[in-house]
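Novice: Chains as they are written, first to last, in my numbering: chain A, 619 to 918; chain B, 619 to 918.
There are 2 protein chains.
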Amino acid sequence: MDAQLRIEQALDAALRLGESKAAPPRLVAATRHAVFPGGARIRPRLCLAVAWACGDDRPALADAAAVSIELLHCASLVHDDLPCFDAAAMRRGQASVHAAFGERLAVLVGDALIVLAFRALAEAGRHAPERLGRLVATVADGVGAPEGIVAGQAWECEPKADLATYQRAKTGALFAAATAAGAQAAGHDPDAWRGLGDWLGEAYQVADDIRDVMADPALLGKPIGRDEDLDRMSSARELGLAGAVAHFDELLDQATRSIPDCRGAAALRALVQSESERLVPKSWVSRIRSGQAVPAQVGG
Amino acid sequence: MDAQLRIEQALDAALRLGESKAAPPRLVAATRHAVFPGGARIRPRLCLAVAWACGDDRPALADAAAVSIELLHCASLVHDDLPCFDAAAMRRGQASVHAAFGERLAVLVGDALIVLAFRALAEAGRHAPERLGRLVATVADGVGAPEGIVAGQAWECEPKADLATYQRAKTGALFAAATAAGAQAAGHDPDAWRGLGDWLGEAYQVADDIRDVMADPALLGKPIGRDEDLDRMSSARELGLAGAVAHFDELLDQATRSIPDCRGAAALRALVQSESERLVPKSWVSRIRSGQAVPAQVGG
Chain A
619 MDAQLRIEQA
629 LDAALRLGES
639 KAAPPRLVAA
649 TRHAVFPGGA
659 RIRPRLCLAV
669 AWACGDDRPA
679 LADAAAVSIE
689 LLHCASLVHD
699 DLPCFDAAAM
709 RRGQASVHAA
719 FGERLAVLVG
729 DALIVLAFRA
739 LAEAGRHAPE
749 RLGRLVATVA
759 DGVGAPEGIV
769 AGQAWECEPK
779 ADLATYQRAK
789 TGALFAAATA
799 AGAQAAGHDP
809 DAWRGLGDWL
819 GEAYQVADDI
829 RDVMADPALL
839 GKPIGRDEDL
849 DRMSSARELG
859 LAGAVAHFDE
869 LLDQATRSIP
879 DCRGAAALRA
889 LVQSESERLV
899 PKSWVSRIRS
909 GQAVPAQVGG
Chain B
619 MDAQLRIEQA
629 LDAALRLGES
639 KAAPPRLVAA
649 TRHAVFPGGA
659 RIRPRLCLAV
669 AWACGDDRPA
679 LADAAAVSIE
689 LLHCASLVHD
699 DLPCFDAAAM
709 RRGQASVHAA
719 FGERLAVLVG
729 DALIVLAFRA
739 LAEAGRHAPE
749 RLGRLVATVA
759 DGVGAPEGIV
769 AGQAWECEPK
779 ADLATYQRAK
789 TGALFAAATA
799 AGAQAAGHDP
809 DAWRGLGDWL
819 GEAYQVADDI
829 RDVMADPALL
839 GKPIGRDEDL
849 DRMSSARELG
859 LAGAVAHFDE
869 LLDQATRSIP
879 DCRGAAALRA
889 LVQSESERLV
899 PKSWVSRIRS
909 GQAVPAQVGG
């Protein structure tokens with residue numbers, strides 16, 4: 619089955635675990651709104667690609683790993699968009715959850731999605747009970763304290779933070795969990811695969827910083843210039859746009875070279891390559907390198 | 619070991635899973651603030667008492683079950699206290715997390731505690747991998763949609779809700795999960811134990827409604843009269859104080875009678891009895907029955 623279709627179907631099945639006639643209807647609607655339509659689904663795609671490279675001998679467990687990672691990502695977006703954080707009215711081209719359903723339901727949807735991520739893993743755990751504990755630990759470490767995405771967001775509440783530590787936690791940790799969980803779901807050692815997630819996660823954070831400056835808000839599906847507005851740490855602010863692009867290229871190169879020699883290596887390299895172009899299009903790179911890229915939004 | 623001590627030590631050990639030099643210091647401090655000092659710790663006490671009644675052959679797993687239930691309870695309190703819900707400045711006699719650390723950290727602490735609950739279960743799962751999946755599912759069902767405490771809170775965001783469904787989800791579900799998880803951690807069938815949690819949970823919600831009207835705010839550790847102020851569903855508002863007390867007594871009686879015949883039965887009956895007096899003191903009951911209990915806060 620096509621990976622994208624497999625992911626959407628698995629997400630739908632996971633959401634149904636939290637739905638019934640006994641559930642509050644607006645919570646159900648708001649939770650679906652947070653998950654569909656999705657973004658690029660890059661984390662679950664990466665998770666499934668690694669599981670496939672490792673033999674994918676327990677597809678239901680790999681699906682659950684991919685789904686849990688994506689649900690946790692969605693939860694973090696819903697909470698990040700809250701008025702006390704980014705106060706974002708738009709997400710993925712539609713109203714953010716708090717804008718559409720109110721702040722209280724947005725808090726609850728994030729909570730419900732975190733719980734559902736682990737519920738989905740437990741459900742699939744029957745297919746390989748001996749793998750479940752380590753898988754739950756890997757996924758939890760990618761999202762919780764001390765170094766997961768919740769910690770990354772919490773660095774924004776500290777008087778002082780190191781940019782690399784912040785980015786590693788805010789974005790890299792869940793990518794590393796995605797590759798590690800993909801390997802574990804297929805019964806393989808996760809350590810050989812963490813590097814790919816780490817490098818790619820760091821590249822995503824840098825790309826996000828570049829896109830916050832360069833992108834068309836309609837294409838991005840959310841407002842731009844937020845790092846500057848919120849005085850938030852950013853590679854683009856720290857290194858300049860050209861420096862950030864050079865850093866992004868280097869990280870993707872490291873990611874590609876970290877892929878172990880296996881049956882899925884070519885597919886994974888192609889995935890990294892296509893994401894590179896999607897995230898930071900070549901046309902931007904030439905504009906940035908020729909010094910023509912100072913969008914009106916920045917410093918304006 | 620004394621159950622109370624065992625619980626505090628297990629909570630401390632679980633929190634340390636989320637702490638390291640790499641963690642944001644204010645997140646670590648705010649998370650501890652949310653968990654210590656605790657309230658009555660009734661849910662984990664109940665969980666351990668049931669595990670003991672069932673033989674407690676995997677104490678580390680029972681500890682993790684008790685801890686996960688209490689961490690999820692703490693998470694729900696932190697989020698319930700947020701400005702968009704109860705806007706409570708006090709909790710357990712000290713500043714609530716958002717009052718002490720700000721709204722952003724309060725959102726993140728709740729998220730981190732939910733993740734930590736499952737992380738702690740995964741850690742202990744190595745002691746009995748074949749029990750872990752069902753244990754995670756039981757705990758997740760107690761807190762998530764469609765019928766766990768998150769759903770209970772979400773009923774407050776619906777235009778119409780049934781009081782019993784709301785109370786069952788908001789309080790009963792986590793109590794039922796506590797007794798079921800205690801049995802499962804010890805390798806027993808959870809179904810024989812759900813009744814105790816169900817009845818007791820419903821009794822707690824009714825007690826909470828009575829206490830919201832009757833208690834001294836200094837003793838309660840949080841403001842009173844909030845149900846009236848927030849126009850929230852409440853047994854005391856629906857049945858009147860005397861009716862709510864009669865309902866409370868009946869629920870405790872059902873809880874006591876549901877305890878299966880086992881080595882822990884007497885201890886569990888004693889636990890229910892002492893909680894009854896702690897929650898709704900006999901002195902209140904006589905005042906309410908004699909019609910002398912119309913505190914100045916209500917309708918004032």
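Ideal Cβ positions, reconstructed from N, Cα and C, are used throughout, including at glycine.
Please identify the residue among A/A755, A/E893, A/R650 whose C-alpha is closest to the C-alpha of A/G728.
Specialist: A/G728 has its Cα closest to that of A/R650, out of A/A755, A/E893, A/R650.
Novice: Out of B/A693, B/L723, B/C702, B/R737, point me to the one whose CA is closest to B/A683's CA.
Specialist: Ranking the options by Cα distance to B/A683, first place goes to B/R737.
Novice: Suppose contacts are defined by Cβ-Cβ distances below 8 Å. Is A/E637 in contact with B/R644 by that definition?
Specialist: Not a contact, by the Cβ cut-off of 8 Å.
Novice: Who are the Cβ neighbours of B/A804 in its own chain at under 7 Å, not counting the five residues just before and after it?
Specialist: Around B/A804: A669, C672, G673, D674, D675, R676, A680.
Novice: Against A/F654, what residues of chain B qualify as contacts under a CB-to-CB distance less than 9 Å, listed in chain order?
Specialist: Within 9 Å Cβ-Cβ: nothing; A/F654 doesn't reach chain B, min ~16 Å.
Novice: What residues in its chain sit with their C-beta under 6 Å from that of A/F654, if we drop five residues either side in the sequence?
Specialist: So no residue of the chain qualifies.
Novice: When we look at the beta-carbon of B/G815 and count the other beta-carbons within 10 Å, is it buried (16 or more) or exposed?
Specialist: The residue in question, B/G815, is buried, as its Cβ has 16 or more Cβ neighbours within 10 Å.
Novice: From the DSSP output, which residues share a beta bridge with A/A919?
Specialist: Since the first residue of chain A shown is 619 and the last is 918, residue 919 of chain A is not available in this structure.
Novice: Classify B/E774 as helix, strand or coil using the three-state DSSP reduction.
Specialist: Of the three classes helix, strand and coil, the one that applies to B/E774 here is coil, per DSSP.
Novice: Using the Cβ count rule (16 or more neighbours within 10 Å means buried), how would you classify B/F623?
Specialist: Checking the sequence, you will find Leu at residue 623 of chain B rather than Phe. Exposed: under 16 other Cβ atoms inside 10 Å.
Novice: Less than 8 Å between the CB atoms is what I'm expecting for A/R887 and A/T874, so what's the real figure, rounded?
Specialist: Indeed, because the Cβ distance is near 6 Å, the residues count as touching under 8 Å.
Novice: Helix, strand or coil: how does DSSP classify A/F703 here?
Specialist: A/F703 falls in the coil class under three-state DSSP.
Novice: Can you tell me the Cβ-Cβ gap for A/F793 and A/I828, rounded? I've got them flagged as a contact below 8 Å.
Specialist: Their Cβ separation, rounded to whole angstroms, is 17 Å, which puts A/F793 and A/I828 out of contact at 8 Å.
Novice: How far does the alpha helix (DSSP H) with A/I687 in it reach, from first residue to last?
Specialist: Where A/I687 is concerned, the enclosing alpha helix (DSSP H) stretches over 677-698.
Novice: State the CB to CB distance for the pair A/V715 and A/D698, rounded to an integer number of angstroms; the pair is presumed to be in contact (CB under 8 Å).
Specialist: Actually they do not touch by this definition, with Cβ atoms about 11 Å apart.
Novice: DSSP three-state label for A/A640, please.
Specialist: A/A640 falls in the coil class under three-state DSSP.
Novice: Looking only at its own chain, which residues have a Cβ that is under 8 Å from the Cβ of A/A658, when we skip the five neighbours before and after it?
Specialist: The answer, listed in chain order, is E893, R896.
Novice: Step through the CB atoms of chain E and report whether any lies within less than 8 Å of the CB of B/S638.
Specialist: This model lacks chain E altogether; the protein chains it does include are A and B.
Novice: Secondary structure at B/F866, three-state DSSP: helix, strand or coil?
Specialist: Note: B/F866 maps to helix in three-state DSSP.
Novice: Taking DSSP as the reference, what is the three-state secondary structure of B/A769?
Specialist: If DSSP states are grouped into helix, strand and coil, B/A769 belongs with the helices.
Novice: Strictly under 8 Å for the Cβ-Cβ distance: is B/Q771 near chain A by that measure?
Specialist: With 8 Å as the cut-off, B/Q771 counts as an interface residue toward chain A.
Novice: A/K639 to B/A652, Cα distance in whole Å?
Specialist: Going from the Cα of A/K639 to the Cα of B/A652 covers about 33 Å.
Novice: What does B/V696 touch in chain A if you count any residue whose Cβ is under 9 Å from its own?
Specialist: Residues of chain A passing the Cβ test: none, with the nearest at roughly 10 Å.
Novice: At least one CB of chain A closer than 8 Å to the CB of B/V768: is that the case?
Specialist: By this cut-off, B/V768 is an interface position.
Novice: Looking only at its chain, what residues have a beta carbon closer than 7 Å to the beta carbon of B/T756, apart from the 5 residues adjacent to it on each side?
Specialist: Counting only Cβ-Cβ distances below 7 Å, and skipping sequence neighbours, we find A795, A798, A799, Q802, P808.
Novice: With the cut-off set at 8 Å, would you say B/S853 and B/W817 are in Cβ contact?
Specialist: No; because the gap between Cβ atoms is not below 8 Å, this pair is not in contact.
Novice: Is the CB-CB distance between B/V898 and B/A825 below 8 Å?
Specialist: Contact: yes.
Novice: Three-state secondary structure (DSSP) at A/D780?
Specialist: Correct three-state label for A/D780: coil.
Novice: Below 7 Å CB to CB, which residues in the same chain sit around A/G762 once its five sequence neighbours on both sides are set aside?
Specialist: Closer than 7 Å at Cβ, skipping near neighbours: V768.
Novice: Kindly list the residues whose CB is nearer than 7 Å to the CB of A/H752, restricted to its own chain and excluding five residues on each side of it in sequence; keep chain order.
Specialist: Sequence check: residue 752 of chain A is Arg here, not His. For A/R752, where only same-chain residues beyond five positions count, the Cβ hits under 7 Å are Q802.
Novice: Does the beta-carbon of B/L848 have 16 or more other beta-carbons within 10 angstroms, so that it is buried, or is it exposed?
Specialist: Classification for B/L848: exposed.
Novice: What residues of chain A sit near B/L645, judged by a beta carbon separation below 7 Å?
Specialist: What B/L645 touches in chain A: A763, A769, A772.
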